[in-house]
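Sequences listed follow chains Y and D, in order.
Going by this note's numbering, 166 is the number at position 166 of the first sequence; the sequence numbering is gapless.
Going by this note's numbering, 92 is the number at position 92 of the second sequence; the sequence numbering is gapless.
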Amino acid sequence: MDILDQLGAMKDGKLSRRAFNRSLFALGISTAVVPLSTRRTLAAPEDNPTYFTWGGYDIPELFVPYQEKYGELPNFSTYGATEDALTKLRSGFVAEVSHPCMSDVPVWNSTGLFQQIDTSRLSNWGDVFPDLYSYDYNMADGKPWMVPFSWGLTSMVYREDLVEWEDGESWSLQWDERYAQRLGSLASAGDVWWCAAIRAGIDYKDIGTPESFAKVAEVLRQQRPLIRMYSDDTTTLDQALTSGEIVSSLLWNSSTLYLRAAGVPVRFAKPKEGALAYVCGLMLHKDAPKLDRAYDVLDSLISQPSGEFLLNDYGYGAVNRKSFEKFTDAELDERGLGRDPVTILAANHLSSPQSMEWGAATVAELEMIKSGF
Amino acid sequence: MSGANAGTGAVISARPATAGRLSRLMFRHEVLRGYTMLAPALVIMVLAILLPFVLMIVMSFWDQVGFDFDTTPTLQNYREIAEKPIYSALLLRSLWVSGIATLATVLVCYPMAYFVAFHVHRHKMLWLIIITLPFWTSYLMRIFSWKVILGYEGVINSGLMSIGLIDAPLDFLIYSPGAVTLTLAHTWAAFALLPIYVSLEKIDRSVLEAAADLGDSPLVRFFRITLPLSMPGVIAAVFLMFIPTVGDYVTPTLVGGPDGAMIGNLLQVQFGGVNNWPMGAAIAVVMVLAIAVVGLCFLALTALFRRWAT
């Protein structure tokens, strides 16, 4: 029966009860079925795994291959410091893929929350620099606990026009009385403690000793009156650098590219003592409910386009060899990077795994120092 | 057949009997009726407030070992709180900051509430809505807007610079305990305004007239009649604002800077990066006790004031 006929029949009062019920029935079924039909073409959020990461990695540019395959992004959950992230995971939050750093692997593993990664399921694994994952604590039976995703340096981002160097670029800037209350800093111990250790002249091999602990704490206490703001939120630090509220801050180099593009004369320092080097990567939850798609998240993050985006927009080192092809040596140098991760990492100070107790103690001590005690 | 009928009859008659007994029981015992009506709230209170509170107290006597708890009771956490200066200093600063913020808010809100209660005669609801309109925006947005107002290139600084009063931005405006106090005072104002308004609104106007007839000047009348009668609202406002703001950690995080940190910030990191939950529980217990002590002192003061006023 045509819809117009039906409407006409209704108008004339000729629509039988049976025909009316039949139409209602059809309407009911089609309404109930609508969500089912779209589900097939458009994946719902509950189909996608969750990627637990720093704010700033929750963007489509890093998921080009994943989007091509599923037409959707994974779900995101973000944190400001890896210590917080681990606490959240330990209290029962399940995210398929998490994003700590290589030196966190032993502590994170000790929670028993992660599984080894089957690299045969990653199509881009062959292009990943082996030096970035072949640490003995990361590999067991040829399988890694962590797939590397980015590497780079933590150093100072400073205003070229407001800072005068006395003796070349050096960590002394962050302790310079001339700039009291005009210095900023990241807030997490993972960066602050390790950079202060460089300033204190401590070899990273000995960073775990009580003497080194006391030395670093002392250096940080000296610095505290000079610091205007501690923040894990790079936007806050970026804005303060832009307005000239601070002249320098402990930061990652993504801020340099971002601020230079906005016309702010900033530079990423290459301190003569060396900068803090890091390799960060991805770990897989042992109970990952969407394991198959989680592997696609991993594969997408280590793909060539993701690496190109990291290098181009954030200035972080990519782990995929092919990602470097598009860049000139000068462009890489501007980002404090090079074509060979090994040289860069060796020329700076790469953080190394420490005990869980040590990590917690540094966080607690840093909180004391930040509050002025 | 008849036997079956008798059986059914018995079942049917049993039902009204129990229902009747229950309603008779309810009717006779007022206390029982009260508890029945309270039951939903009581269940939530016990499950969501009392049990976690007991757990928190118990946990504060534990010790964190790596990722696990050592559940042998120890006073170690409390000893550390007593010995290390950071805890008492941050606690005192928190009490001070939110005490000042509460005082300022009540002082500012009282005249506003007074005006609406006594001098607005039409569209009172509209006035109340307009006054509380800023509080329809998110708490976080209000803090951020203070950041914009107080900031280095913020509204105040750029305003003062453009009229030539200052050459360089004032950097004490933001990232200080003062900024936290100001932001708290503004973001919580609605919680002070409404209880004060309600208690003022309820004052019997004939009492005020009587006071005037018997020769009280307006000022004396205010202190002898209006203020004591509106005291319940003031007390409610003080508690509604003081208790939650002492433990606030969002405001100090955003506008406090290193010198404006409060006990809430220290508490939060125990459950986050530091990962020492027993210590966090102990700090929370001490904080609750401190608030209780300050609250009792305040109640004693108001009782003294009432005795003096009457």
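We put the CB at the ideal spot given by N, CA and C, even for glycine.
Own chain, CB closer than 6 Å to residue i, minus 5 neighbours either side, in chain order
| i | result |
| --- | --- |
| Y:Lys322 | Asp127, Gln304 |
| D:Leu229 | Ile203 |
| D:Val43 | none |
| Y:Arg39 | Confidence in Y:Arg39 is poor, its pLDDT being 48 and thus under 50, which makes the residue's placement too unreliable to answer from. |
| D:Ile291 | Ile243, Val246 |
| Y:Tyr258 | none |
Alpha-carbon spacing of residue i relative to residue j, whole angstroms
| i | j | result |
| --- | --- | --- |
| D:Glu201 | D:Ala211 | 17 Å |
| D:Pro296 | D:Tyr110 | For the record, residue 296 of chain D in the displayed sequence is Leu; it is not Pro. Roughly 22 Å between the two C-alpha positions. |
| D:Ala261 | D:Pro252 | 5 Å |
| D:Leu194 | Y:Asp206 | 60 Å |
| Y:Ser355 | Y:Val105 | 11 Å |
| D:Val269 | Y:Met229 | 17 Å |
| D:Ser94 | Y:Leu350 | 39 Å |
| D:Arg122 | D:Ala113 | 15 Å |
| D:Leu214 | D:Ala48 | 53 Å |
| D:Arg24 | D:Ala41 | 24 Å |
| Y:Ser134 | Y:Thr235 | 34 Å |
| D:Ile131 | D:Val116 | 10 Å |
| Y:Glu334 | Y:Val219 | 30 Å |
| D:Ser206 | D:Ala237 | 26 Å |
| D:Met1 | D:Thr18 | With a pLDDT of 42 at D:Met1, under the threshold of 50, the modelled position of this residue cannot be trusted, and the question is left open. |
| Y:Thr119 | Y:Ala318 | 18 Å |
| Y:Cys195 | Y:Ala288 | 35 Å |
| Y:Leu132 | Y:Tyr278 | 10 Å |
| D:Val274 | D:Tyr35 | 43 Å |
| D:Gly247 | D:Ile100 | 14 Å |
| D:His29 | D:Met37 | 13 Å |
| D:Val31 | D:Leu22 | 14 Å |
| Y:Pro65 | Y:Ser300 | 5 Å |
| Y:Leu282 | Y:Met146 | 5 Å |
| Y:Pro367 | Y:Asp47 | Note that residue 367 of chain Y is Glu in the sequence shown here, rather than Pro. Approximately 39 Å between the Cα atoms of the pair. |
| D:Gly66 | Y:Thr111 | 10 Å |
| Y:Pro326 | Y:Gln223 | According to the sequence as given, residue 326 of chain Y is Lys; it is not Pro. The alpha-carbon atoms of Y:Lys326 and Y:Gln223 are separated by roughly 41 Å. |
| D:Ile196 | Y:Leu241 | 44 Å |
| Y:Tyr51 | D:Gly272 | 19 Å |
| Y:Ser172 | Y:Ala346 | 22 Å |
| D:Val220 | D:Pro232 | 19 Å |
8 Å Cβ shell around residue i - same chain, five flanking residues per side excluded
| i | result |
| --- | --- |
| Y:Ala361 | Phe213 |
| D:Ile57 | Ala281, Val285 |
| Y:Cys280 | His99, Pro100, Cys101, Met102, Pro148, Phe149, Ser150, Trp151 |
| Y:Arg339 | Phe324, Asp329, Leu332 |
| Y:Ala180 | Pro225, Leu226 |
| D:Phe172 | Gly178 |
7 Å CB neighbourhood of residue i in its chain, flanking five on each side removed
| i | result |
| --- | --- |
| Y:Asp232 | Gly80, Ala81, Leu186, Ala187, Ser188 |
| Y:Arg221 | Ile369 |
| Y:Thr41 | Note on Y:Thr41: pLDDT 48, under 50, position unreliable in the model; the coordinate value appears next. Result list for Y:Thr41: empty, nothing under 7 Å. |
| D:Phe223 | Ala309 |
| D:Asn77 | Ser60, Pro278, Met279, Ala282 |
| D:Thr183 | Ile143, Trp146, Thr251, Val255 |
| Y:Thr87 | none |
| Y:Leu310 | Ser150, Tyr316, Ala318 |
| Y:Asn320 | Asn124, Asp127, Val128, Ile302, Ser303, Gln304, Gly307 |
| D:Trp62 | Phe69, Asp70, Thr71, Pro278 |
Closer than 6 Å: residue i CB and nearest the ligand NAP heavy atom
| i | result |
| --- | --- |
| D:Thr187 | Absent from the structure shown: the ligand NAP. Ligands present: none. |
Test: residue i CB closer than 7 Å to a CB of chain A
| i | result |
| --- | --- |
| Y:Glu83 | The structure shown contains no chain A; its protein chains are Y and D. |
Residues that DSSP places opposite residue i in a beta bridge
| i | result |
| --- | --- |
| Y:Ala288 | The partner list for Y:Ala288 (beta bridge, DSSP) is empty, contrary to what the question assumes. |
| Y:Gly281 | Y:Pro148 |
| Y:Cys101 | Y:Cys280 |
| Y:Gly184 | Y:Met229, Y:Ser249 |
| Y:Trp54 | Y:Tyr79 |
Proximity to residue i [Cα-Cα], best of the options
| i | options | result |
| --- | --- | --- |
| D:Leu267 | D:Gly256, D:Asp259, D:Met279, D:Gly257 | D:Met279 |
| Y:Glu273 | Y:Pro289, Y:Val247, Y:Met156 | Y:Met156 |
| Y:Pro271 | Y:Arg182, Y:Ala180, Y:Gly55, Y:Ser170 | Y:Ser170 |
| D:Ser199 | D:Leu208, D:Arg28, D:Leu240, D:Ile235 | D:Ile235 |
| Y:Asn348 | Y:Gly71, Y:Ala19, Y:Arg199 | Y:Arg199 |
| D:Ala179 | D:Leu301, D:Pro258, D:Ile86, D:Arg307 | D:Pro258 |
| D:Pro244 | D:Met287, D:Val108, D:Gly151, D:Ile196 | D:Met287 |
| Y:Glu375 | D:Glu80, D:Trp96, D:Ala168 | Since the first and last residues shown for chain Y are 1 and 373, residue 375 of chain Y lies out of range. |
inquiry  = So within the segment 199-272 of chain Y, which uninterrupted alpha helix (DSSP H) runs reach at least 4 residues, ignoring any that extend past its ends?
reply    = List check, alpha helix (DSSP H) in window: 210-223, 234-243, 254-261.
inquiry  = In chain order, what are the residue ranges of uninterrupted alpha helix (DSSP H) at least 4 long that sit wholly in the segment 293-324 of chain Y?
reply    = The qualifying runs are 304-309.
Segments assigned alpha helix (DSSP H), at least 4 residues, entirely inside the segment 91-159 of chain D = For the segment 91-159 of chain D, whole alpha helix (DSSP H) runs of length 4 or above, ordered along the chain, are 124-132, 139-150.
Inside the segment 19-74 of chain D only - beta strand (DSSP E) runs reaching at least 3 residues = For the beta strand (DSSP E) assignment, the uninterrupted runs of no fewer than 3 residues enclosed by the segment 19-74 of chain D are, from N- to C-terminal side, 63-65, 68-70.
ask   = What are the complete beta strand (DSSP E) segments, minimum 3 residues, inside the segment 113-164 of chain Y?
value = Contiguous beta strand (DSSP E) elements confined to the segment 113-164 of chain Y occur at 146-159, taking only those with 3 or more residues.
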